[in-house]
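Undergrad:
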Amino acid sequence: MSGDGKAAASRPAASAEDVERAWNDTKLAQVLYHDWEAQTYDDKWSISFDERCVTYARDRFVAAAGTDGWPYDRALEIGAGTGFFSLNLRQAGVLSEVTVTDISPGMVEAAKRNARGLGFEIDGEVADAEKLPFPDESFDLVVGHAVIHHLPDVEQAFREMLRVLRPGGRVVICGEPTKYGDKVARALSRATWWATTRATHLPGLRSSWARPQEELDESSRAAALESVVDLHTFDPGELTMLVTRAGFTHTRAVTEELTAAWFGWPVRTFEHAVNPDRLGWGWAMFAYKSWLRLSAADRVLARVVPRELFYNVSVTALRPE
Numbered sequence: 155m156s157g158d159g160k161a162a163a164s165r166p167a168a169s170a171e172d173v174e175r176a177w178n179d180t181k182l183a184q185v186l187y188h189d190w191e192a193q194t195y196d197d198k199w200s201i202s203f204d205e206r207c208v209t210y211a212r213d214r215f216v217a218a219a220g221t222d223g224w225p226y227d228r229a230l231e232i233g234a235g236t237g238f239f240s241l242n243l244r245q246a247g248v249l250s251e252v253t254v255t256d257i258s259p260g261m262v263e264a265a266k267r268n269a270r271g272l273g274f275e276i277d278g279e280v281a282d283a284e285k286l287p288f289p290d291e292s293f294d295l296v297v298g299h300a301v302i303h304h305l306p307d308v309e310q311a312f313r314e315m316l317r318v319l320r321p322g323g324r325v326v327i328c329g330e331p332t333k334y335g336d337k338v339a340r341a342l343s344r345a346t347w348w349a350t351t352r353a354t355h356l357p358g359l360r361s362s363w364a365r366p367q368e369e370l371d372e373s374s375r376a377a378a379l380e381s382v383v384d385l386h387t388f389d390p391g392e393l394t395m396l397v398t399r400a401g402f403t404h405t406r407a408v409t410e411e412l413t414a415a416w417f418g419w420p421v422r423t424f425e426h427a428v429n430p431d432r433l434g435w436g437w438a439m440f441a442y443k444s445w446l447r448l449s450a451a452d453r454v455l456a457r458v459v460p461r462e463l464f465y466n467v468s469v470t471a472l473r474p475e
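In my numbering, the protein residues as written are 155 to 475.
1) Applying the 10 Å Cβ sphere with the 16-neighbour rule, what's the burial state of A106?
2) Inspect the beta-carbon positions of V421 and A441 and report whether they are closer than 7 Å.
3) If the criterion is Cβ atoms closer than 7 Å, does the pair V115 and T409 meet it?
4) S468 lies in the beta strand (DSSP E); which residues open and close that run?
5) Less than 7 Å between the beta carbons of H303 and D384, yes or no?
6) Less than 8 Å between the CB atoms is what I'm expecting for Y465 and G335, so what's the real figure, rounded?
7) Is T350 buried or exposed, if buried means 16 or more other CB atoms sit within 10 Å of its CB?
8) Check each candidate in G278, T354, L241, M439 and name the one with the smallest Cα separation from S250.
9) Is the distance from the Cβ of V301 to the Cβ of V325 below 7 Å?
10) Run through the DSSP bridge pairs and tell me what V280 is partnered with.
11) Taking buried to mean at least 16 other C-beta atoms within 10 Å of its own C-beta, is Q184 buried or exposed?
12) Check whether the segment 306 to 323 and the segment 243 to 261 are in contact - that is, three or more C-beta pairs closer than 8 Å.
13) Specify the secondary structure class of G329 as computed by DSSP and reduced to three states.
14) According to DSSP, R406 sits in a beta bridge with which residue or residues?
15) For A427, which residues of its own chain have a beta-carbon under 6 Å away from its beta-carbon, when the five flanking residues on both sides are left out?
16) With distance defined between alpha-carbon atoms, name the residue in L412, P306, I327 nearest to A339.
17) Let's test the definition: count the other Cβ atoms within 10 Å of the Cβ of K285 and tell me whether it reaches 16, buried, or not, exposed.
18) Please report the Cβ distance between D189 and P287, rounded to the nearest whole angstrom; I am assuming they are in contact, meaning their Cβ atoms lie under 8 Å.
19) When the Cα of P225 is compared with those of R212, V467, R317, A265, which residue comes out closest?
20) Given this structure, state the Cα-to-Cα distance separating L359 from T394, to the nearest angstrom.
21) Can you give me the Cβ contacts of R317 inside the same chain, cut-off strictly under 7 Å, excluding the 5 residues immediately before and after it?
22) Checking 7 Å against the spacing of the C-beta atoms, do D452 and A400 come in under that value?
23) From the DSSP secondary-structure annotation, give me the bridge partner or partners of L249.
24) Under 7 Å between the Cβ atoms of D227 and D294?
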């Protein structure tokens, strides 16, 4: 499998022809997009394995599922990407033994590489979340972050998570887009991209602020592929019913990020539309601290604002004893 990972890691960016083929093949689109993204995914999404992201992952887990049962002995992450969620949860003491899966060989290899960089080894399998290659009752915990909106058959994936969990085991899926939150985020991102790419090409700004056109074209192709692989948005109540229908019990959905999402998505889009050399540590700290303050405000707003309006939804449930 390591040979496949090296090949994926060196794979060039998806071409316009790749994007065209992906429109007609969802699973191909998932592999193409995530193998491509594996090369720069951590930088793109400011993923790290330090205190900042350990705290973020831990807080998302606690908001959904609380702190009972720590550490979970055997944990599986579906759609693990580069290992952001499970590796940071391991560092936070939430779980112990980790197995990661992803449909992208490049992502699985990146996650294993990140674990080695942190001083431990993890198991990794290239796998479709709708058909997991593990025996029944193999795990105490199944986790995922920003993954089920990529899956063609979400209910079948939850049935598979149920199957590989031991009786009484828990599933925790965090960071999924809500229907309303996703519409707002995409509108803000499109407006930011349009305004920034035009402003940075004005006389006096082009030489220092504009990102090279070939990089802008590559970002546009990435956005096109992303629109193919992003299959779903969720209503919290409907997601709860889906997970329960799959066989789980004690199902609970929580939402987070309102103003923090309104701020965060334009910021992320701006960062990808300008010359990155113009944005240093000061900008990164401004963006992060602003997001923290707005997230704190959102927790207060959650008392009065309908949960359907927030950007992220997380869901947790138990396999019946």
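All C-beta atoms in this analysis are idealised placements derived from N, C-alpha and C, irrespective of residue type, glycine included. All of these numbers come straight from a predicted model, not from anything done at the bench.
TA: Let me lay it out:
1) Any answer about residue 106 is impossible in this case: the structure gives the chain only from 155 up to 475.
2) Residue numbering aside, residue 421 sits at position 267 when the sequence shown is read from its first letter. Residue numbering aside, residue 441 sits at position 287 when the sequence shown is read from its first letter. It is a contact, given that the beta carbons lie within the stated cut-off.
3) Outside the displayed span of the chain (155 to 475) sits residue 115, for which this structure offers no information.
4) By one-based count along the sequence shown, residue 468 stands at place 314. Note, S468: beta strand (DSSP E), 466 to 472.
5) For the purposes of this step, residue 303 is taken as residue 149 along the sequence shown, with counting starting at 1. For the purposes of this step, residue 384 is taken as residue 230 along the sequence shown, with counting starting at 1. The answer is yes: Cβ separation under 7 Å.
6) In the sequence shown, counting from the first residue as 1, residue 465 sits at position 311. In the sequence shown, counting from the first residue as 1, residue 335 sits at position 181. Going by Cβ atoms, the distance from Y465 to G335 rounds to 3 Å, so yes, they are a contact pair.
7) Taking the first residue of the sequence shown as 1, we reach residue 350 at position 196. With 16 or more other Cβ atoms within 10 Å, it is buried.
8) Taking the sequence shown and counting its residues from 1, the one referred to as residue 250 is at position 96. Nearest option by C-alpha distance: L241.
9) Along the sequence shown, read from residue 1 onward, the residue named residue 301 stands at position 147. Along the sequence shown, read from residue 1 onward, the residue named residue 325 stands at position 171. Cβ distance not < 7 Å, so V301 and V325 don't count as in contact.
10) Counted from its first residue, the sequence shown places residue 280 at position 126. Partner(s): D256.
11) Start at 1 with the first residue of the sequence shown, and residue 184 comes out as number 30. Under this definition Q184 is a buried residue.
12) no
13) As a working mapping, residue 329 is identified with position 175 in the sequence shown. Three-state DSSP puts G329 in a strand.
14) The sequence position of residue 406 within the sequence shown is 252, counting from 1. In DSSP, R406 forms a bridge with T470.
15) Taking the sequence shown and counting its residues from 1, the one referred to as residue 427 is at position 273. Taken in chain order, the residues that qualify are W347, T350, T351.
16) By one-based count along the sequence shown, residue 339 stands at place 185. Closest option to A339, Cα to Cα, is L412.
17) Counting from one through the sequence shown, the residue named residue 285 turns up at place 131. When all chains shown are included, K285 counts as exposed.
18) Counting from 1 along the sequence shown, the entry for residue 189 is found at position 35. Counting from 1 along the sequence shown, the entry for residue 287 is found at position 133. About 19 Å; that fails the 8 Å criterion.
19) Stepping through the sequence shown from its first residue, residue 225 is reached at position 71. The option with the nearest alpha carbon to P225 is R212.
20) The sequence position of residue 359 within the sequence shown is 205, counting from 1. The sequence position of residue 394 within the sequence shown is 240, counting from 1. Distance between the alpha carbons of L359 and T394 is about 49 Å.
21) Residue mapping note: residue 317 aligns to position 163 of the sequence shown, counting from 1. Cβ neighbours of R317 beyond the five flanking positions: D290.
22) Taking the first residue of the sequence shown as 1, we reach residue 452 at position 298. Taking the first residue of the sequence shown as 1, we reach residue 400 at position 246. Cβ distance not < 7 Å, so D452 and A400 don't count as in contact.
23) Along the sequence shown, one-based indexing puts residue 249 at 95. Per DSSP, Y226.
24) Here residue 227 is taken as the residue at index 73 of the sequence shown, counted from 1. Here residue 294 is taken as the residue at index 140 of the sequence shown, counted from 1. Yes, they are a contact pair.
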